[in-house]
Amino acid sequence: MISKNMIAFALCVISVTSFARGGGYSGGHSSYHSSGTGEHYVNGYTRSNGTYVAGHHQTNPNGTKYDNWSSKGNVNPYTGKEGTVDPSR
């Protein structure tokens, strides 16, 4: 009989392997895994000109600018910064 620890270990190995491959959204530098929260994490990456872009959280794409954290009336829950962009533009 396989122990619960062996099963848990196998699931961890599978999870780590899957996570390392990334989500493949937006040019391969995003880990887009919808968790039902309306947001995802974008891994850091280096642009073709050598500029490093740090990893950050984003709202999930949905065709509207009104729920983006940078839009006026919204607050980024990670930084506490209020939105400054007019979403109607």
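Residue numbering for the sequence shown is -20 to -1, 1 to 69, as defined by mature numbering (1 follows the signal peptide of the UniProt record, and there is no 0). Every residue, glycine too, gets a C-beta built ideally from N, C-alpha and C. Model, not experiment: these values are computed from the prediction.
Considering only DSSP beta bridges, list what residue i is partnered with.
i, result
"residue 25", "33"
"residue -18", "Answer is none; residue -18 lacks a bridge partner."
"residue 70", "No answer is possible for residue 70: the residues shown for the chain start at -20 and end at 69."
"residue 39", "19"
Note down, in chain order, each residue of its chain lying with its Cβ closer than 7 Å to the Cβ of residue i, except the 5 sequence neighbours on either side.
i, result
"residue 9", "Low local confidence applies: a pLDDT of 44 at residue 9 is under 50, so the model's placement there is unreliable, and no value is given."
"residue 35", "21, 22, 23 and 24"
Of the residues the options, which one's Cα is nearest the Cα of residue i?
i, options, result
"residue 55", "30, 34, 38 and 42", "38"
"residue 41", "20, 69 and 68", "20"
Hey, residue i and residue j: beta-carbon distance below 8 Å or not?
i, j, result
"residue 63", "residue 45", "no"
"residue 65", "residue 50", "yes"
Which residues in the same chain have their Cβ closer than 8 Å to the Cβ of residue i, if we skip the five residues on either side of it in sequence?
i, result
"residue 47", "18, 39 and 54"
CB-CB under 6 Å to residue i, same chain, minus the five flanking residues each way: which ones, in chain order?
i, result
"residue 58", "37"
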